[in-house]
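Novice:
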Amino acid sequence: MEKKLVNLSELIVDTSFLLPLAGIKVKGIENDLLDGKTIYYPSLMLTELIAVIIKEAKKLKLSQIPEDAMKGLSYIISNVRLISLGQQDLGIIYEIINNGWNDIFDATLYSAYKSTGVPLITMDKSFYEFLNRKGLDTNKIILI
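In the UniProt record's numbering, the protein residues as written are 1 to 144.
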């Protein structure tokens with residue numbers, strides 16, 4: 001799977017790939033997977049990232065968010081290139097939702113991929129298969 005990423009200098013990432021930066025281990029994601037790459041992430045998806053961090057802290061019954069998670073979030077905001085919503089994104093997001101997909105964050109991620117042309121990596125096999133079934137562009141989407 002990492003072989004597909006070797007020649008890529010920039011990537012849009014799904015939330016799963018940012019979680020290790022916030023101290024949350026994700027099965028199947030190596031710590032150095034994104035080393036040397038320019039990383040992009042839709043700014044609207046920061047809400048999802050924060051929600052996952054909070055969910056993990058609650059699951060572990062922590063009294064507060066760990067310092068590593070707060071530093072990781074700060075690192076992400078400072079070092080990951082956040083993609084703003086553009087005029088065409090709303091139409092792309094609506095197309096995905098209107099075609100039967102219910103996750104607004106997945107639709108937002110796909111719209112960032114479509115509007116920038118930057119390759120996208122995801123672990124979401126069901127979303128990838130949905131896009132293929134609907135005949136939507138997955139040429140530069142890498143399923144890990």
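Using N, Cα and C, we set each Cβ at its ideal position, and we do this for glycine too.
Provide the residue(s) that pair with Ile83 in DSSP beta bridges, ordered along the chain.
Specialist: The residue given as residue 83 occupies position 83 in the sequence shown. Answer is Pro42.
Novice: Considering only DSSP beta bridges, list what Leu143 is partnered with.
Specialist: In the sequence shown, counting from the first residue as 1, residue 143 sits at position 143. Partner(s): Thr122.
Novice: Nearest CA to the CA of Tyr94: which residue from Asn132, Tyr110, Gly23?
Specialist: For the purposes of this step, residue 94 is identified with residue 94 of the sequence shown, where counting begins at 1. Selected option, being the one with the closest Cα: Tyr110.
Novice: Could you tell me which residues DSSP puts in a beta bridge with Glu129?
Specialist: Walking along the sequence shown from the start, residue 129 turns up at place 129. Glu129 pairs with nothing; no bridge assigned.
Novice: Can you find at least 3 beta carbon pairs, one from the segment 80-87 and one from the segment 39-53, that sit closer than 8 Å?
Specialist: yes
Novice: So what's Glu10 in DSSP terms, helix, strand or just coil?
Specialist: Indexing the sequence shown from 1 puts residue 10 at position 10. Here Glu10 sits in strand by DSSP.
Novice: Helix, strand or coil for Leu18, going by three-state DSSP, please let me know.
Specialist: As a first step, residue 18 is located in the sequence shown; it is residue number 18 there, counting from the start. Three-state DSSP puts Leu18 in coil, outside helix and strand.
Novice: Just tell me which of Lys114, Glu129, Asn79 has its CA closest to the CA of Gly100.
Specialist: Taking the first residue of the sequence shown as position 1, residue 100 is located at position 100. Considering only alpha carbons, the answer is Glu129.
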